[in-house]
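See below for the structure under consideration.
There are 2 protein chains.
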Amino acid sequence: MKAEGTMETRVSGLRKEVIISHNRQTIMIGERINPTGKKKLAQVLKSGDLRFIVEEAHAQIIEGADILDVNVGIPEIDEAALLTETIELLMSEVDAPLCFDSVNPVALEAALKAYRGKPLINSVSGEEKSMKTILPLVKEYNTAVIALPMDEKGIPQSTEKRMEISYKIVEQAGLLGIPAEDIIIDCLALSVATDSKAGLVALETTRRIRDDLGLNVTVGASNISFGMPERQVIDAGFLSLAVLSGLTCPIVDPGKMGPAILAADLLLGRDRYGSRYLKNHRLRKKSGKSTEV
Amino acid sequence: MKAEGTMETRVSGLRKEVIISHNRQTIMIGERINPTGKKKLAQVLKSGDLRFIVEEAHAQIIEGADILDVNVGIPEIDEAALLTETIELLMSEVDAPLCFDSVNPVALEAALKAYRGKPLINSVSGEEKSMKTILPLVKEYNTAVIALPMDEKGIPQSTEKRMEISYKIVEQAGLLGIPAEDIIIDCLALSVATDSKAGLVALETTRRIRDDLGLNVTVGASNISFGMPERQVIDAGFLSLAVLSGLTCPIVDPGKMGPAILAADLLLGRDRYGSRYLKNHRLRKKSGKSTEV
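Those protein sequence lines, which keep their order, are chains R and E.
In this text, residue positions in the first sequence follow the numbering used here: the first is 852, and each later residue adds one.
In this text, residue positions in the second sequence follow the numbering used here: the first is 852, and each later residue adds one.
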C-alpha cells in the first residue's frame, strides 16, 4: 500500500471544524485536562466542582490549543457519568473539538452519545481486544481515532514493526468501513534516557507514516525526556524534529510547548508574515505567559 | 558533480584536533569573542587588557564550544596586531582550535603566521574580490574556510542560486589545490520576520549541500529570528531542524544554544547513553548556567 499523497483528518465541535493535514499548520491537542500526576485536577474531579476544568480549557486555547484532550480517569469514580458531564460542560464553554481520552468503551459510548460534532478518540491499539472494542465505536459514531502501533507484546523498538502494526490497524478499520484518513497514528516516543535510539525510531516512524501511509501523526512528547535533566529543551527539540518529519497534531501542554511548535511552522514557511506566531505571543503576553525575558 | 558520501573537515589547535563530519556529533563554534553589539568587549579590545577574552573562551568551552570564533573588528585599531595578540593569548590558554573571523587579508595573514595548528577562516564569499584575496591564504597556510554562498549581487533568495555559488567557490578553490573537504558552506539564514520562506530556504540549502556536495554546513543562527519576539525559541527550533537537515558546525552562543544542539544530537541517536548531554548539563549546573527550574 502506497498513499497517493497525504490525507486530511476532520474533527469538529458544535461550532468549529479543525482540519489536520501535512499541508497545513500543526494542530495542537491540549493535554492538561488529565488527572495523571496532578493532585489538584484529581481532587476537582472527585469533588464534582468542574470550574477548574473550564479554566484549564480556556487557558489552553489562549495558549494555542486547537483541540482539547479530556481524560477523567481516576480510581473509584463512575467514568461514564463523569466523562459525559465533563464533555457536556466543555461543549457549552468552548468551540474547540474534543478528544475523548479513555480506553473504557462504556465511558466512551456514553460520552459519544452526548457529543455534537465529530470527536477524536484516544486511543485504539493493535491489540485484538482494543481493536474489537474501540473500532466499532469509531464506526458507529463517525469519529476519528488515535492508533498506537503496539500490540499484546508491548511497544516495538523497531520502526518496521511499528509500521506493520499501523498497517494492521488501518486494515482492520477498513474492514469495518472506517476511512484511513480518520486514523491518526501515534509515533510512540520512548525515553532517550533508557534507549539512545528512541528519538530516532519515533522520528523514522513519523516519516514513514507520512510517506508510506499518508496518514496524520500525533505524539505525547514528554515521554521522550523522561529521566533526563532540562526536559523542556529535549521535548521542544523533539517536537521541532518531528514536525519536519511529518508530525501533524501533537498532544502537548500548549503553555510549555506551544512556542516551539509555532516556531517550527514559522521556520518551515507555513506561517505567512509570522502572523500566527505573533498572535500567540501577544495572547500569552497579555495573560502573563510569555517566556520573554 | 555528485559527492561520493560526506566529507570530513579537520581543524586543530596546538593540542587538539576537531573533526567535523555528517557522521559525528555536531560541533559548536562559540561566537562570543566578537565585539559586534557588545560594549564591554569593544572596550576590552580598545584597552588592550584581554583577560575578559580569556574568561569568555573558558566559559564557552565549559558550555560546550569545540572551536572558538575570534573577531576583534572594531574601528580605529590595528586589526593585524590585535588579532595576532588575541590568537597568541588564546593559544596559550585553551586547546580548542580557533576560527579567525575577519575579511581583512592583512590581519588574517599576520594571525595565520602566528598560529600553530590548522585554523578555520571565517569567511570567503562568492565575490571575485573575496575569492582572490582569501583563497590563496587558505591554500598557503593550509586552513579550512567558511564559504558564504553570496556574491556581488548580495544574498540570493533561492536555494538554486546559493548552490550555484557554492559550486563556484568549491571549483575556484579546487583550481588552487584546496581540497573540497576544507570548505564549509554557510547556509545563510535570513530573518523570518521579513521573509516567511527564509527558514525553508536555509534548511533546503543545508540539505542540498549535504546531499549534493557532501560538504559540512555552518550557520550563524540568530539572524533567523531578527525582529521577532522570544527569539531563543525560534533560534533553538531552527538549529534542531538544521541539524536534521545537515548542519554540522553552527556558530552559536553555547550558553544559550548549547542545550538545544546537544538535545538534537541526543534525539538523533548520536549521543550514546546521553553522556554528552548529561556531562554538559552537569558542567553548566556547576557554573550556575543550567536552565533547569
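Each residue gets a CB set at the ideal place from its N, CA and C atoms; glycine is no exception.
Can you find a CB in chain E that lies within less than 7 Å of the CB of residue i?
i                : result
G1088 of chain R : yes
K1048 of chain R : yes
R1059 of chain R : no
R1146 of chain R : Here chain R comprises residues numbered 852 to 1144, so residue 1146 of chain R is not present and cannot be evaluated.
G1120 of chain R : yes
S872 of chain R  : no
L1095 of chain R : yes
A916 of chain R  : no
V1084 of chain R : yes
V895 of chain R  : no
L1051 of chain R : yes
L865 of chain R  : no
S1091 of chain R : yes
M879 of chain R  : no
A1040 of chain R : no
L1117 of chain R : yes
A1024 of chain R : no
A1114 of chain R : yes
M852 of chain R  : Bear in mind that a pLDDT of 48 at M852 of chain R, under 50, signals an unreliable position, so the model cannot answer this.
S1138 of chain R : no
Relative to the alpha-carbon of residue i, which residue among the options has its alpha-carbon at the smallest distance?
i                : options                            : result
I1036 of chain R : R:L1051, R:E1022, R:S1017, R:L1027 : R:S1017
E1081 of chain R : E:P1101, E:L1129, E:D1086          : E:L1129
N973 of chain E  : E:V1084, E:D1063, E:C1100, E:F1089 : E:C1100
E907 of chain R  : R:A1072, R:R1059, R:G924, R:V945   : R:V945
I1006 of chain E : E:L971, E:A1049, E:K980            : E:A1049
V989 of chain R  : R:V895, R:D1033, R:H909            : R:D1033
L971 of chain R  : R:L949, R:P987, R:G977, R:A958     : R:L949
E1011 of chain E : E:V1052, E:S1042, E:A947           : E:V1052
L999 of chain E  : E:K983, E:N955, E:G977             : E:G977
H909 of chain R  : R:S898, R:M942, R:E927             : R:M942
E927 of chain R  : R:A893, R:S1096, R:Y1124, R:I884   : R:A893
G905 of chain E  : E:L940, E:E914, E:D917, E:K890     : Sequence inspection shows Val at residue 905 of chain E; the Gly mentioned does not correspond to that position. Of the listed residues, the one whose Cα sits closest to V905 of chain E is E:L940.
R967 of chain R  : R:R866, R:E979, R:G1125, R:I1085   : R:R866
A958 of chain E  : E:K980, E:E979, E:A947, E:T984     : E:T984
A1115 of chain E : E:V869, E:V1094, E:S898, E:G888    : E:V1094
Counting C-beta neighbours from all protein chains within 10 Å, is the total for residue i 16 or more, i.e. buried, or is it exposed?
i                : result
N993 of chain R  : exposed
L1113 of chain R : buried
Q876 of chain E  : buried
L1066 of chain E : buried
N922 of chain R  : buried
S1009 of chain R : exposed
D952 of chain R  : buried
L1027 of chain R : exposed
P1030 of chain R : exposed
P1110 of chain R : buried
E1055 of chain E : buried
A929 of chain R  : Per the sequence presented here, residue 929 of chain R reads as Asp, with Ala not at that position. Answer is exposed; the Cβ neighbour count stays below 16.
R1061 of chain E : buried
T937 of chain E  : buried
R1013 of chain E : buried
L932 of chain R  : The residue asked about is misnamed: residue 932 of chain R is Ala in this sequence, not Leu. Classification of A932 of chain R: exposed, given that the 10 Å Cβ count is below 16.
K1107 of chain R : buried
R1133 of chain R : exposed
S1073 of chain R : buried
E914 of chain R  : buried
If you measure from the beta carbon of residue i to each beta carbon in chain R, is any gap under 7 Å?
i                : result
E1081 of chain E : yes
H1132 of chain E : yes
P1225 of chain E : The shown model of chain E, from 852 to 1144, leaves out residue 1225 of chain E, and the question about it has no answer.
R1123 of chain E : yes
V1103 of chain E : no
S1009 of chain E : no
V954 of chain E  : no
V1043 of chain E : yes
L971 of chain E  : no
L959 of chain E  : no
A1072 of chain E : no
Between residue i and residue j, how many whole angstroms is the CB-CB distance? I'm expecting something under 8 Å.
i                : j                : result
Q911 of chain R  : L901 of chain R  : So it is not a contact: roughly 15 Å between Cβ atoms.
S863 of chain R  : K964 of chain R  : Not quite, the Cβ-Cβ distance comes to about 17 Å (not below 8 Å), so this is no contact.
I925 of chain E  : L896 of chain E  : 5 Å
F1077 of chain E : A1044 of chain E : 6 Å
A947 of chain R  : A916 of chain R  : 7 Å
task = Mind listing, in chain order, the continuous beta strand (DSSP E) runs of no fewer than 3 residues lying wholly within the stretch 857–938 of chain E?
result = The stretch 857–938 of chain E contains these whole beta strand (DSSP E) runs: 860–863, 868–871, 880–884, 918–921.
message = To test your reading of the DSSP string, which unbroken beta strand (DSSP E) runs of 3 or more residues are found completely within the stretch 966–1050 of chain R?
response = With a minimum length of 3 residues, the continuous beta strand (DSSP E) runs that stay inside the stretch 966–1050 of chain R are 971–976, 995–999, 1034–1037.
inquiry  = Ignoring anything shorter than 3 residues, give me the beta strand (DSSP E) runs that lie fully in the stretch 1039–1105 of chain R, in order along the chain.
reply    = Fully enclosed beta strand (DSSP E) runs of 3 or longer: 1067–1069.
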